[in-house]
Amino acid sequence: MKKGRPARMCTDPMAGQKHRTDTKASALRLHNLTTVKKFTTMEQPVFNKELHIKYWRRCLKSVLPTEYTTTDSSRLSLGFFILSAFDLLGVGGDQLDRKDVAGLKQWILNCEHPKGGFCGSPNHKYPSAYYRSATDTPSDMDPANLPATFFALMALNFVGKVGEVDRKKCLRWLQKLQREDGSFGETLGKDGKIEGGRDMRYCQCAAAIRWILRGDLKSKSQREVEDIDVDGLVGHIRKAETYDGGFGESFEHESHAGYTYCGIASLSNLDRLPGSLSKSEAEAEPSNSKLTGVTNLQDTVRWLMSRQVNYVESDDEEDDEEPQAKPVASSNPANSEIDQLAAAGLSLEDTYAIGCNGRLNKGPDTCYSFWVDASLYILGQSKLINKEGSRRWLIEKTQHMIGGFAKGPGYPPDIYHSYLGLGTLAMLGEPDLKTFDPVLCASQEAKSKIERDIAEFLKPDAPGKSVWDNLALMGDMVPVGPDGKFPKFWTDAEEKYKKMQEEGTLPLQRFEPQNIWSGET
96 MKKGRPARMC
106 TDPMAGQKHR
116 TDTKASALRL
126 HNLTTVKKFT
136 TMEQPVFNKE
146 LHIKYWRRCL
156 KSVLPTEYTT
166 TDSSRLSLGF
176 FILSAFDLLG
186 VGGDQLDRKD
196 VAGLKQWILN
206 CEHPKGGFCG
216 SPNHKYPSAY
226 YRSATDTPSD
236 MDPANLPATF
246 FALMALNFVG
256 KVGEVDRKKC
266 LRWLQKLQRE
276 DGSFGETLGK
286 DGKIEGGRDM
296 RYCQCAAAIR
306 WILRGDLKSK
316 SQREVEDIDV
326 DGLVGHIRKA
336 ETYDGGFGES
346 FEHESHAGYT
356 YCGIASLSNL
366 DRLPGSLSKS
376 EAEAEPSNSK
386 LTGVTNLQDT
396 VRWLMSRQVN
406 YVESDDEEDD
416 EEPQAKPVAS
426 SNPANSEIDQ
436 LAAAGLSLED
446 TYAIGCNGRL
456 NKGPDTCYSF
466 WVDASLYILG
476 QSKLINKEGS
486 RRWLIEKTQH
496 MIGGFAKGPG
506 YPPDIYHSYL
516 GLGTLAMLGE
526 PDLKTFDPVL
536 CASQEAKSKI
546 ERDIAEFLKP
556 DAPGKSVWDN
566 LALMGDMVPV
576 GPDGKFPKFW
586 TDAEEKYKKM
596 QEEGTLPLQR
606 FEPQNIWSGE
616 T
């Protein structure tokens, strides 16, 4: 089977200039225009759901390849991708082994840091006793980090409830990660120093964590803690917007599809997206006094559209040639090429597998199909996506024979690209997948569950709830054993608490679960 590669030509529709890197590019492209008939006569590409379920079961149950060794510090991200993939495929927690679900839940909770947030892996968190010095003061060892906390909350949503984390402590920890310029760091170092970069990924994680643990804030609660500086965060995101409408890693950086998605998703979670595509910020009506984040929505949409590229194959490629990521042609070819297609009775949608690149002059990649398509969906511009071409790219070119998706043709599948490929197909309306929410990067069903959970722990204490439900509302983690049951000393303490309620001897101060851990009365 011949390997494919992109045609070596890239067109920037904004500049109207073609950049060639190979003298064969023109001939190769015209050759492919004369052979596109094969795309219209072949059957529709098939998404093999059962094959993908087998792939994700292997990821859950088997030892991962050695290449994943370097991801040990971010194992919670792998956990989220695996659990969310099962959810998209319709394999819920009730269809997984109960012991697996209980074990996964405890594994996630074991990564919670005693000072708020989550560590990326159980291997990056000391036992709780080691976080306290002789003076009983929490130490700074192995701090939690922002991405791990986002992935932990999202993963926990599939095997438990986000209310089982120390909500108030996590929100206070989140506040401490914000700098005066509005940006967020990744972790807290010694003496509370904010460590890590200022890029859009941390903005997206912070905005999502805030939404998950605070809700939409339409109804206030006595349990609310002080909010982050939302205007400061929006201002920082605005600084990352570039002249062409995309967003860079931070200010004065090149536009990048991944960072553009992170910026747009952040603004969506903060409810700070502009309302009208037809108007620039200067023309917008001042009906909403809140600072919004995209200064020129038209330019942003135009830049995102320009990331769609045609993937064409060369019939004269050598079998042993390594897959290459080469610049490819925009999905808006020159008029002469459109005329040739029309003469053959073809349209663009009939002919090409449409991938997306992340930057100008780069080749297509599965993950960029997600970043670009998701951004356009969030902005309400999904009609501009070449959906059939995007589906062809994913299913015909990057769907792997063993299941999962690769970054591009000729590569092996991996968890990261497999999940984002699955998410893109779900966004495009693949019948075998659940409806997808591009902002949280999970199913709409998963988002609805979080909304129900957040509404629950924003309620006042409801009658009939156990003391541990109410403790969870106040933000104290409830430990669950591998068998899914509470440890005996917790149930004994609950009985003692109920007896104190009946006798009227319950102290007025807040009930502190660490007294139970230490055995004090």
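In the working numbering, each number is its position in the sequence shown, counted from 1, plus 95.
No residue lacks a Cβ here, since even glycine has one placed at the ideal position from N, Cα and C.
(Q) If distances are taken between C-alpha atoms only, which option among T390, P217, L184, D322 comes closest to L368? (A) T390
Q | Collapsed DSSP secondary structure at Y406 in the structure displayed | A | strand
Q) Is it buried or exposed for P647, if we count other Cβ within 10 angstroms and need 16 for buried? A) This structure cannot speak to residue 647, because the chain is shown only from 96 to 616.
Q) Taking buried to mean at least 16 other C-beta atoms within 10 Å of its own C-beta, is S384 buried or exposed? A) exposed
Q.
For K457, count the other beta carbons within 10 Å of its own beta carbon; 16 or more makes it buried, fewer makes it exposed. Which is it?
A. buried
Q: At 4 residues or longer, and completely inside the region 210-297: list those alpha helix (DSSP H) runs for me, N to C.
A: 241-254, 262-271
Q | Beta-carbon contacts of P533 that lie in its chain and below 7 Å, excluding the five residues immediately before and after | A | A469, Y472, I473, M522
**Q.** Rounded straight-line distance, which links the Cα of N252 to that of A197
**A.** 13 Å
**Q.** Same chain, Cβ closer than 7 Å to T130, neighbours up to 5 away in sequence not counted
**A.** Its pLDDT being 35, under 50, T130 is placed unreliably in this model, and the coordinates cannot settle the point.
Q: Please classify G458: does DSSP put it in a helix, a strand, or coil?
A: coil
Q: Alpha carbon to alpha carbon, how far is K544 from R267? Give it in angstroms, no decimals.
A: 24 Å
Q: For S513, count neighbouring Cβ atoms within 10 angstroms of its own Cβ and tell me buried if that reaches 16, exposed if not.
A: buried
Q. By the 10 Å Cβ neighbour count, where 16 or more other Cβ atoms means buried, how is R262 classified, buried or exposed?
A. buried
(Q) Using 8 Å for Cβ pairs, my map puts Y356 next to G343. What's the rounded Cβ distance? (A) About 12 Å; that fails the 8 Å criterion.
Q) Who pairs with P508 in a beta bridge, going by DSSP? A) A501
Q) Below 7 Å between beta carbons: does that hold for G503 and H147? A) no
Q: State the start and end residues of the unbroken alpha helix (DSSP H) segment that holds I549.
A: 539-551
Q. Taking the C-alpha atoms as reference points, what is the distance between C298 and I480?
A. 26 Å
Q) Can you give the Cα-Cα distance for G370 and G340, rounded to whole angstroms? A) 16 Å
Q: Rank C536, T161, G258, V329 by C-alpha distance to the C-alpha of E275 and give the top, closest one.
A: V329
Q | Test item: CB-CB of S345 and R296 under 7 Å | A | no
Q: Determine the DSSP secondary structure at A352, reduced to helix, strand or coil.
A: helix
Q) How about G623 and G280: do their beta carbons lie closer than 7 Å? A) A question about residue 623 goes unanswered here, because the residues of the chain that appear run from 96 up to 616.
Q) The beta strand (DSSP E) spanning C206 covers which residue range? A) No beta strand (DSSP E) contains C206, which DSSP labels as neither H nor E.
Q | F175, DSSP secondary structure in three states | A | helix
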